[in-house]
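> This is the structure I want to talk about, given as structure tokens.
Numbering (mature numbering (1 follows the signal peptide of the UniProt record, and there is no 0)), first residue to last: -27 to -1, 1 to 280.
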């Protein structure tokens, strides 16, 4: 009897662990729980199409809304009944097609494995579509390039030849080297701008910090999804997710501070996301790689700064 009891308990624990392993639950800001979008969690949605109603669709609606693809009232996002949360409706199908176009996929509107895998990849927190406008593939019919600028093409004024940058008080110091010796150097080469590190807690053109969802930043979501974000010129803010596993260089299982810093500094200089997978401004960034500037990045930043 004791052996049977132990066996049943062991099996129950194993099943519980397997269930938990399919998604990570964490606190959304301020007091809402949501599920971290992973391929393991959404793979059961594979093949879903317009008209289907499957548990978990509402999490994809939140994802599509977060990155600008789906214009849904926040109340609807948090109330499945109001918005038929787990039904793939016409608006969501349209959003999926737009996402597929931007990521060089066949725009079927169907949640195939390739689409779901891309959605689950770690990425930059800057939306692909801002204020309903995109010049990634889905909005780029009149363009022959992949690089994009923010609306109005904001950039640092020509009078500012030297951009100062600083880290926020208490920021981890291992970010300084990959930013100063890698990210700023590559953009300097293509823009003619100089970048000067002025220290910690000092007023500067560009401020770099680490934050987390737990510290109150609603744009960050714990390990493995939104890695960092930045703002267009001349706001000068770059924020890394402190919950990620960071490294300086291409280290298996870790995100490269230099590569992510290069990407976010591209935003701070005026580049939006690109549909060119070879570009550092492509939205997704895997672990274990160091990625430099692609030809699309170079052409984009030179065009913006008239180089």
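Virtual Cβ for every residue (Gly too), placed ideally from N, Cα, C. Since we're looking at a predicted model, the values are computed, not measured.
Could you check the C-alpha separation between residue 252 and residue 258 for me, to the nearest Å?
Using only the alpha carbons, I get a separation of about 11 Å.
> I'd like to know whether the C-beta atoms of residue 263 and residue 163 end up nearer to each other than 7 Å.
Against a cut-off of 7 Å, the Cβ pair of residue 163 and residue 263 comes out as no contact.
> In three-state DSSP terms, what is residue 120?
Residue 120 falls in the coil class under three-state DSSP.
> For residue 76 and residue 63, what's the separation of their Cα atoms in angstroms?
So the alpha carbons of these two residues sit roughly 20 Å apart.
> Under DSSP, the beta strand (DSSP E) around residue 134 begins and ends at which residues?
No beta strand (DSSP E) holds residue 134; DSSP gives it neither H nor E.
> With a threshold of 8 Å on Cβ separation, who are the neighbours of residue 200 within its own chain once the five nearest residues in sequence on each side are excluded?
If we look at residue 200 and ignore the five residues flanking it on each side, its Cβ neighbours are 95, 96, 97, 98, 213, 214, 217, 228, 233, 258.
> According to DSSP, is residue 155 part of a helix, a strand, or is it coil?
Residue state, collapsed to three classes: helix.
> Within the same chain, show all residues whose beta-carbon is closer than 7 Å to that of residue 249, passing over the 5 residues directly before and after it, in chain order.
So the list reads 119, 255, 267, 269, once near-sequence residues are dropped.
> By DSSP, does residue 40 sit in helix, in strand, or in coil?
Coil at residue 40, not helix or strand.
> Could you check if residue 165 is buried or exposed, using at least 16 other CB atoms within 10 Å of its CB as the buried criterion?
So residue 165 ends up on the exposed side.
> Can you tell me which of 179, 82, 24 puts its alpha carbon nearest to the alpha carbon of residue 37?
The shortest C-alpha separation from residue 37 is found at 82.
> Considering only DSSP beta bridges, list what residue 219 is partnered with.
Its beta-bridge partners are 228.
> Between residue 33 and the rest of its own chain, which residues show a CB-CB distance below 6 Å, the 5 nearest in sequence each way excluded?
Answer for residue 33: no residue qualifies.
> In the structure shown, what three-state DSSP assignment does residue 271 receive?
In the structure shown, residue 271 sits in a helix (DSSP, three-state: H, G or I).
> Under DSSP, the alpha helix (DSSP H) around residue 211 begins and ends at which residues?
It is not in any alpha helix (DSSP H) - residue 211 instead sits in the beta strand (DSSP E) that spans 210 to 214.
> Does residue 17 pass the burial test, meaning 16 or more other C-beta atoms within 10 Å, or should it be called exposed?
The residue is exposed, with fewer than 16 neighbouring Cβ atoms inside 10 Å.
> Can you tell me whether residue 273 is buried or exposed? The criterion is at least 16 other CB atoms within 10 Å of its CB, across all chains shown.
Answer is buried; the Cβ neighbour count reaches 16.
> Span of the beta strand (DSSP E) holding residue 180?
Counting along the chain, the beta strand (DSSP E) containing residue 180 begins and ends at 179 to 184.
> Kindly indicate which three-state DSSP category residue 99 falls into: helix, strand or coil?
Three-state DSSP puts residue 99 in coil, outside helix and strand.
> What do you get for residue 48, buried or exposed, if any count of 16 or more other CB atoms within 10 angstroms of its CB means buried?
Residue placement at residue 48 cannot be trusted, given a pLDDT of 43 that sits under 50; the coordinates are not used to answer.
> Answer with buried or exposed for residue 68, where buried requires no fewer than 16 other C-beta atoms within 10 angstroms of its C-beta.
Buried, by the Cβ-count rule.
> Under 6 Å Cβ to Cβ from residue 204, same chain only, skipping five residues before and after it: list those, please.
210, listed in sequence order.
> Do residue 188 and residue 141 have their CB atoms nearer than 7 Å?
Contact: no.
> In terms of residue numbering, what span does the alpha helix (DSSP H) encompassing residue 72 cover?
From DSSP, the alpha helix (DSSP H) with residue 72 extends over 63 to 75.
> What does a CB cutoff of less than 8 Å around residue 134 pick up in its chain, not counting 5 residues either side in sequence?
Counting only Cβ-Cβ distances below 8 Å, and skipping sequence neighbours, we find 165, 166, 167.
> State the start and end residues of the unbroken beta strand (DSSP E) segment that holds residue 167.
Segment 167 to 173, the beta strand (DSSP E) holding residue 167.
> Looking at residue 128 and residue 261, is the spacing between their C-beta atoms short of 7 Å?
No, they are not a contact pair.
> I'd like the list of long-range same chain contacts for residue 171, defined as Cβ closer than 8 Å, with 5 residues on each side in sequence excluded.
Excluding positions up to five away in sequence, the list reads 137, 138, 139, 177.
> In whole angstroms, give me the CA-to-CA distance for residue 66 and residue 151.
Between residue 66 and residue 151, the C-alpha separation is close to 40 Å.
> In chain order, what residues of the same chain have a beta carbon less than 6 Å from the beta carbon of residue 206, not counting five sequence neighbours either side?
Result list for residue 206: 127, 128, 129, 243, in chain order.
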